[in-house]
Amino acid sequence: MSASTASPLTRIPLHDLRQLLRQIFEHHGCSETVAAVLADNCASAQRDGAHSHGIFRMPGYVSTLDSGWVDGRATPHVTDVAAGFVQVDAAGGFAQPALAAARALLLDKARNAGIAVLAIRNSHHFAALWPDVEPFAEEGLVALSVVNSMTCVVPHGARKPLFGTNPIAFAAPCAGQQPIVFDMATSAMAHGDVQIAARAGQALPSGIGVDALGQPTCDPKAILDGGALLPFGGHKGSALSMMVELLAAALTGGHFSWEFDWSRHPGAKTPWTGQLIIVIDPSKAQGSHFAQRSAGLVAQMQAAGLSRLPGERRYRERAIAAQQGVALTQQELDALQALRN
Ligand code: NDP
Ligand code: PYC
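When we follow my numbering, the leftmost residue of the sequence shown carries the number -7, and every step to the right adds one.
Pasting the structure below:
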């Protein structure tokens, strides 16, 4: 569901988009609770111009639900493991409802102990990661999350794909400003952006991926059709991707990116893996005044000539959407309405 230049742009209120997405999720077998969480997530991504994980993902969600690969009605099982450790078995459902189910306990532990970990396993994550961390920073906390995905990235120095695109998201409060947030795949490009480029017939920059023979290519279709992505930054991105596999899968008990087999579920698109979230209460660091120090860092970065902070583009898109509604093409809106019926 990629934007077409031939189709006019329209804008709809965020609430209406959420409602439409919620109806689609329910129509394809999700419980009311799961549908509400996923619709909120996906509509927020579209609102913020995070296009690789906005409504572009809806056909993938629908085909996955229809294939029986994911349980849209799963009830997450939350376990209070230790003073700073919460585990959730997402029961083969989505990761975001698992986070929602454990959130109050996680917050309570982070505020009491100063730090708390949420380990989600047996979960599917098909979305942007920033929605999972940004709300913690809005409450004055620092949050870091990692999730692994599906084998499509060749580790640096290896010959075959093994890692997922394995994003890392971080959020921190910043006095007088919106939280500082970054959210990035550890591959040179998110898989979603490769799909978008392939649909648009656009060549990629060099250094993104290889074809089925392991040769460098700028053709997104060659990457998708038996080829693979590369980590960003050579051995450094590769090490971060390895860390994500360790934290999101080995630590949580979820699958590594290569450990699941969806071949018996044609249409399945969502990686069945794990996710880790670490939440820190900076008020426990006596005398640190973290949010003020964050603002000081930002001021210094700007004084050094920085014109764009990570997260800033999304906040700008969000502000426009608050005034004018969420942007999508008429063709995309028609396609969403068809998914509901
Ligand atoms: P980008 O490369 O587009 O952006 C990465 C980060 O860098 C963002 O925080 C972005 O801020 C910031 N940024 C981008 N350009 C600049 C710039 N010029 N100056 C300063 N900051 C900048 O993201 P990716 O393509 O790597 O990832 C896209 C999405 O895909 C993420 O949301 C990720 O979570 C998701 N994803 C999900 C997976 C899953 O398994 N669920 C797997 C892989 C990716 P801003 O947002 O404001 O542009
Ligand atoms: O864009 O790389 C990606 C991705 C993988 C799983 C969900 N999104």
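We put the CB at the ideal spot given by N, CA and C, even for glycine.
Under the three-state reduction of DSSP, which class applies to residue i: helix, strand or coil?
i	result
Arg256	coil
Met176	strand
Val271	strand
Leu243	coil
Phe48	helix
Pro123	helix
Ser230	helix
Cys210	coil
Cys22	coil
Leu328	helix
Gly162	Reading the sequence as shown, one finds Phe at residue 162 and not Gly. Three-state result, Phe162: strand.
Leu110	strand
Gln294	helix
Val345	Only positions -7 to 333 of the chain appear in this structure, which leaves residue 345 out of reach.
Val139	strand
Ala74	strand
Gln278	coil
Met181	coil
Asn333	coil
Ala283	helix
Leu196	coil
Ala129	helix
Please classify residue i as buried or exposed, where buried requires at least 16 neighbouring CB atoms within 10 angstroms.
i	result
Glu324	buried
Val125	buried
Met293	exposed
Glu237	buried
Gly219	buried
Gln88	buried
Leu1	exposed
Ala31	buried
Ala349	Outside the displayed span of the chain (-7 to 333) sits residue 349, for which this structure offers no information.
Asn121	Reading off the sequence, residue 121 comes out as Leu, not Asn. Label assigned to Leu121: buried.
Gly297	exposed
Ser198	exposed
Asp185	buried
Gly168	exposed
Asp273	buried
Asn333	exposed
Leu328	buried
Arg308	exposed
Arg151	exposed
With DSSP as the reference, identify every bridge partner of residue i, one or two as the case may be.
i	result
His69	Asp81
Arg3	Ala319
Arg95	Paired residue(s): none; Arg95 is not in a bridge.
Val29	According to DSSP, which records beta bridges pairwise, Val29 is partnered with nothing at all.
His116	Phe86 and Trp264
Leu221	Val145 and Gly201
Cys34	Answer is none; Cys34 lacks a bridge partner.
Val134	Ile272
Phe155	Val145
Gln15	According to DSSP, which records beta bridges pairwise, Gln15 is partnered with nothing at all.
Gln169	Cys166
Hey, residue i and residue j are a contact pair by Cβ (cut 8 Å); roughly how many whole angstroms apart?
i	j	result
Leu196	Ala204	Actually they do not touch by this definition, with Cβ atoms about 16 Å apart.
Leu6	Arg39	6 Å
His247	Gly266	7 Å
Ala129	Pro171	3 Å
Ser55	Lys213	Not a contact, Cβ separation roughly 20 Å.
Val271	Ala135	5 Å
Ser59	Gly259	4 Å
Ala240	Val138	5 Å
Fill in: Meets three-Cβ-pair contact criterion under 8 Å: the region 175 to 183 and the region 280 to 297
Taking a cut-off of 8 Å for Cβ pairs, the region 175 to 183 and the region 280 to 297 do not touch, as fewer than three such pairs fall below it.
Discussion item. For the pair the region 65 to 76 and the region 219 to 233, tell me if three or more CB-CB distances fall below 8 Å.
Written reply: Contact between the region 65 to 76 and the region 219 to 233 is absent, with fewer than three C-beta pairs closer than 8 Å.
Practice prompt. Mind the definition here: the region 102 to 113 touches the region 250 to 261 only if three or more C-beta pairs lie below 8 Å; say whether that holds.
Written response: Contact between the region 102 to 113 and the region 250 to 261 is absent, with fewer than three C-beta pairs closer than 8 Å.
Discussion item. Assess contact between the region 76 to 83 and the region 109 to 123, defined as three or more Cβ pairs (one per stretch) separated by less than 8 Å. Is contact present?
Written reply: By the criterion of at least three beta-carbon pairs nearer than 8 Å, the region 76 to 83 is in contact with the region 109 to 123.
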